[in-house]
Amino acid sequence: MSRPQKKILIIVPDGIGVRNYLYSSHFQNLTHNAQVNIWTGVPADVLLGNLLIPENNTVPIVGLRLFEQPVFSKFFWETASWARLKFFSRKVKNKSLLFNRAHAKWSLVWRLFLFCTRFLGTLISWNYWLISLCDKLSKRFWSEKTIRYYQQELKKGEYDSILITHQRVAQLMPICLAANKLGVEVTSVIFSWDNIPKAKLAIQADYFLVWSKHMKEELLIYYREIKQENVIITGTPQFEFYFQNDRILSREEFANRYGLDLSRKWICYSGDDITTSPYDERYLEDALEAIAAMEDDFRPQVIFRRAPVDFSDRYDQVREKYKDLVKFIDPVLLSDSSIWNGFLTSPEDVNLLVNMVRHCELVINIGSTMAHDFAVYDKPCIYINYNVDNRKNWSVHTVYKFQHFRSMDGMNPVVFLDDKYKWAETIKYVMSNPDKVAPDRKKWLGKIVLHPLEKSSERIVDQLIK
């Protein structure tokens, strides 16, 4: 007699988790092996219309109701987060950890609130037990009424387990508390390779799925209260798209679809959000100015892909000035927002990115994960590493001091462009010698993400249904 399928609830608070977990084969594999329900913060009808749901399967999708985090819960969480950053900035000797909290630049009340949390956080930052205590206190201020609401909703679904697609939303905490009371197992994904040192763990789960051994070690260092056996190395599904041949267009098809010049080689400039790179349009202009001066028979065409969260007009002048040299191919969005986690890309955008990486010779940006995307196809990345003249309260060199870049210590995985007057020279050399530059790019990728990359979904599904 066959065992009944498990009933699994996937909680997708925003568009971040949709691309990596619902567009990937993880979702399709899971629906074959379990009964799946989805609670989502994105429009349910939009999501349903863009998921590949296997025939004869039904996947109920309902809107996710989130409650405002109570003031004292937020107070103690912000305090604990700041204290954790202070504590570990000393332990790992890296003050850049302290740049990972929001600046007090809004209302007077919010500035006062942050001042109080940072004052108290600094006081307790010498004692890890007090930091852990503040974390626990932040959970206790969620009202019983809110927790009971989620208990009732979870009981209706009779779920065996819950998967949360990223760990950064503090408003999901009462769902975790309700699940704990009911004995329902909660598994959370760590969203990105840089999240752990930034004190971005906002929820409590029974298990955490991480990208690699390196990330597991980080989680156990920065969150001592988590047990080793509760951290599972699975990889991440976001890289498996590159191994799916049905997504790949020929170079000719890609050129025809997006109006690219087939007679030239293509390079990708991957834009950053305005916080990471406030002068990104200046860097793009520097690059295009140098490329425009190259000899015609070598000059590549530039494909510019803006960050999905950047809807500004800051690139417009550069785009017009070099319209014959650069092709803007924007992310394909189903919805957008002025906040970083409010956007939702389409399945078509996954294919666009796969083909962009497949057909471009290299990628240029400031410290983004795109270096890893291009490394999947063993292609080099140039990291911009010089400051523009009019910078204020920002330095590109601070970016590369962030803790997650220490993962490349002892390696040579990217090309650093240290001088604005060496754009042409650097691009020419990298394009002409892709096998000689950044020789450790695959090694760095192997440290950041468990291989084989294309087996990540399979490992996650196995963990959820075992």
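Numbering (my numbering), first residue to last: 30 to 495.
All C-beta atoms, glycine included, are put in the ideal place defined by N, C-alpha and C.
First and last residue of the uninterrupted beta strand (DSSP E) at residue i
i: Ala-284; result: Here Ala-284 belongs to no beta strand (DSSP E); instead the alpha helix (DSSP H) covers 280 to 287.
i: Cys-14; result: What the structure shows of the chain is the stretch from 30 to 495, and residue 14 is not part of that stretch, so it cannot be assessed.
i: Lys-124; result: Careful: Lys-124 lies outside any beta strand (DSSP E) and carries neither H nor E.
i: Val-392; result: 392 to 394
i: Ile-296; result: 295 to 299
i: Lys-245; result: Where Lys-245 is concerned, there is no enclosing beta strand (DSSP E), although the alpha helix (DSSP H) it sits in stretches over 242 to 251.
i: Phe-15; result: Since the first residue of the chain shown is 30 and the last is 495, residue 15 is not available in this structure.
i: Val-41; result: 35 to 41
Beta-carbon proximity check, residue i vs residue j, cutoff 8 Å
i: Val-428; j: Tyr-308; result: no
i: Val-392; j: Cys-410; result: yes
i: Leu-81; j: Ile-90; result: no
i: Leu-114; j: Leu-127; result: yes
i: Pro-376; j: Asn-79; result: yes
i: Phe-170; j: Arg-197; result: no
i: Arg-335; j: Gly-300; result: yes
i: Phe-333; j: Val-361; result: no
i: Ala-109; j: Ser-167; result: yes
i: Val-383; j: Leu-474; result: no
i: Ala-112; j: Cys-145; result: no
i: Arg-328; j: Arg-280; result: no
i: Cys-205; j: Ala-234; result: yes
i: Ser-125; j: Lys-430; result: yes
i: Ile-296; j: Glu-173; result: no
i: Phe-116; j: Tyr-157; result: yes
i: Val-65; j: Leu-373; result: no
i: Val-121; j: Gln-432; result: yes
i: Ile-176; j: Tyr-287; result: no
i: Thr-305; j: Ile-395; result: yes
i: Ile-413; j: Leu-446; result: yes
i: Ala-199; j: Trp-139; result: no
Extent of the continuous alpha helix (DSSP H) run through residue i
i: Phe-10; result: Given that the chain is displayed from residue 30 to residue 495, the structure contains no residue 10 and the question cannot be resolved.
i: Thr-151; result: 137 to 153
i: Ile-158; result: Here the sequence assigns Trp to residue 158, which means Ile is not the residue at that position. It spans 157 to 169 - the alpha helix (DSSP H) in which Trp-158 sits, taken as one unbroken run.
i: Asn-380; result: 376 to 388
i: Arg-348; result: 345 to 350
i: Val-260; result: No alpha helix (DSSP H) holds Val-260; the beta strand (DSSP E) holding it covers 260 to 262.
i: Val-405; result: 399 to 405
Nearest-angstrom Cβ-Cβ length linking residue i and residue j, presumed shorter than 8 Å
i: Leu-298; j: Ala-316; result: Here residue 298 turns out to be Tyr, not Leu, going by the sequence shown. Contact flag correct, Cβ pair sits at about 6 Å.
i: Ser-190; j: Ile-477; result: At roughly 27 Å, the Cβ-Cβ gap does not stay under 8 Å, so Ser-190 and Ile-477 are not in contact.
i: Thr-87; j: Leu-493; result: Actually they are not in contact, since the Cβ atoms of Thr-87 and Leu-493 sit about 19 Å apart, beyond 8 Å.
i: His-243; j: Val-218; result: Wrong, their Cβ atoms sit about 16 Å apart, outside the cutoff.
i: Glu-282; j: Lys-36; result: Rounded, the Cβ-Cβ distance is 42 Å, inconsistent with contact.
i: Val-21; j: Val-444; result: This structure gives no information on residue 21, because the portion of the chain shown stretches from 30 to 495.
i: Tyr-344; j: Glu-310; result: 5 Å
i: Lys-408; j: Pro-468; result: At roughly 13 Å, the Cβ-Cβ gap does not stay under 8 Å, so Lys-408 and Pro-468 are not in contact.
i: Thr-265; j: Asn-49; result: 7 Å
i: Lys-472; j: Met-440; result: 6 Å
i: Asp-3; j: Val-331; result: Not covered by the structure: residue 3. The range shown for the chain is 30 to 495.
Cutoff 8 Å: residue i Cβ touching any chain B Cβ
i: Arg-348; result: Although the question refers to chain B, the structure presented lacks it and comprises just one protein chain.
Residue i: CB within 7 Å of a non-hydrogen atom of the ligand FAD
i: Asn-79; result: This structure lacks the ligand FAD; in fact it carries no ligand of any kind.
inquiry  = Check whether the stretch 69 to 82 and the stretch 42 to 54 are in contact - that is, three or more C-beta pairs closer than 8 Å.
reply    = yes
inquiry  = Is it the case that the stretch 144 to 154 contacts the stretch 81 to 99, given that we only count it when at least three CB pairs across the two stretches are under 8 Å?
reply    = no
query = Taking only runs of the alpha helix (DSSP H) that begin and end inside the stretch 427 to 486, which ones reach a length of at least 4 residues, in chain order?
reply = 452 to 461, 470 to 477
query = Three or more C-beta pairs closer than 8 Å, one from the stretch 242 to 257 and one from the stretch 219 to 226: is that the case here?
reply = yes
key: Minimum length 3: unbroken beta strand (DSSP E) runs contained in the stretch 49 to 96   = 63 to 69, 90 to 92
inquiry  = Under 8 Å: do the stretch 176 to 183 and the stretch 207 to 215 share three or more Cβ pairs, one atom per stretch?
reply    = yes
task = Determine, using beta-carbon pairs with one atom in the stretch 481 to 489 and one in the stretch 51 to 58, whether at least three such pairs fall under 8 Å.
result = yes
message = Which complete alpha helix (DSSP H) runs does the stretch 162 to 230 hold, if anything under 4 residues is left out?
response = 173 to 186, 202 to 211
task = Check whether the stretch 336 to 354 touches the stretch 420 to 434, counting contact only when three or more Cβ pairs, one atom from each stretch, lie closer than 8 Å.
result = no
message = To test your reading of the DSSP string, which unbroken alpha helix (DSSP H) runs of 4 or more residues are found completely within the stretch 302 to 363?
response = You should have 309 to 321, 345 to 350.
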